[in-house]
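To start, the structure itself, in C-alpha cells.
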Amino acid sequence: MLKGKIHSVESMGLVDGPGIRVVVFFQGCALRCLYCHNPDTWNEKGGIEYTAEELVKKIKRFKSYFTTSGGGVTFSGGDPLRQPEFLLEALKLCKAEGIHTCLD
Numbered sequence: 001m002l003k004g005k006i007h008s009v010e011s012m013g014l015v016d017g018p019g020i021r022v023v024v025f026f027q028g029c030a031l032r033c034l035y036c037h038n039p040d041t042w043n044e045k046g047g048i049e050y051t052a053e054e055l056v057k058k059i060k061r062f063k064s065y066f067t068t069s070g071g072g073v074t075f076s077g078g079d080p081l082r083q084p085e086f087l088l089e090a091l092k093l094c095k096a097e098g099i100h101t102c103l104d
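In the UniProt record's numbering, the protein residues as written are 1 to 104.
This is the structure:
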C-alpha cells in the first residue's frame with residue numbers, strides 16, 4: 001500500500017484557501033526558498049507515514065466545517081509534488097468525499 005510522508009495536519013486554517021480548511025503539510029522539499037515559512041518540512045527523513053486512506057479519514061473529521069464555510073483541504077509543504085502518486089490518491093479520495101481541495 002502506498003504511503004506518503006506528512007509533516008503535520010493542521011485543522012481550522014483560515015488563510016490557505018476559501019473557508020475553514022485542514023492544511024496538510026507534506027514532508028520534504030529540495031527548493032530551499034529563502035522566504036519559506038516551513039523550513040522544518042525540508043528534510044526528507046522527518047514526518048509521519050500515512051496511507052492516503054488514513055489521511056483522508058483524518059481530514060473527513062472536519063467535513064461539517066467545510067460544508068458550512070465553503071472550505072476543504074489544502075495540501076502544502078514542504079513540496080507535495082515530490083510525492084505525486086500519494087498526492088493524486090489523496091486528491092481522488094477527497095473528490096469522492098465531496099471535499100474541496102487546493103494545492104499550495
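Note that the Cβ used here is the ideal one computed from N, Cα and C, for glycine as well.
On a predicted model such as this, the values are computed, not experimentally measured, just so you know.
Under 9 Å between C-beta atoms of residue i and residue j
| i | j | result |
| --- | --- | --- |
| I99 | F75 | no |
| V22 | F62 | yes |
| G77 | G17 | no |
Candidates the options, of which the one nearest residue i by Cα
| i | options | result |
| --- | --- | --- |
| C33 | P84, D79 and A96 | D79 |
| I20 | L81, L88 and I59 | I59 |
| G7 | K57, Y50, C94 and S64 | It should be noted that the sequence gives His, not Gly, for residue 7. When each option's Cα is compared against that of H7, the closest is Y50. |
Buried versus exposed call for residue i [16 or more other C-beta atoms within 10 Å across all chains shown]
| i | result |
| --- | --- |
| K5 | buried |
| V15 | exposed |
| L88 | exposed |
| L55 | buried |
| A52 | buried |
| A90 | buried |
Residues bridged to residue i (per DSSP)
| i | result |
| --- | --- |
| H100 | G72 |
Could you tell me whether the segment 16–31 touches the segment 40–47, using the rule of 3 or more Cβ pairs below 8 Å? Contact holds: three or more Cβ-Cβ distances are below 8 Å.
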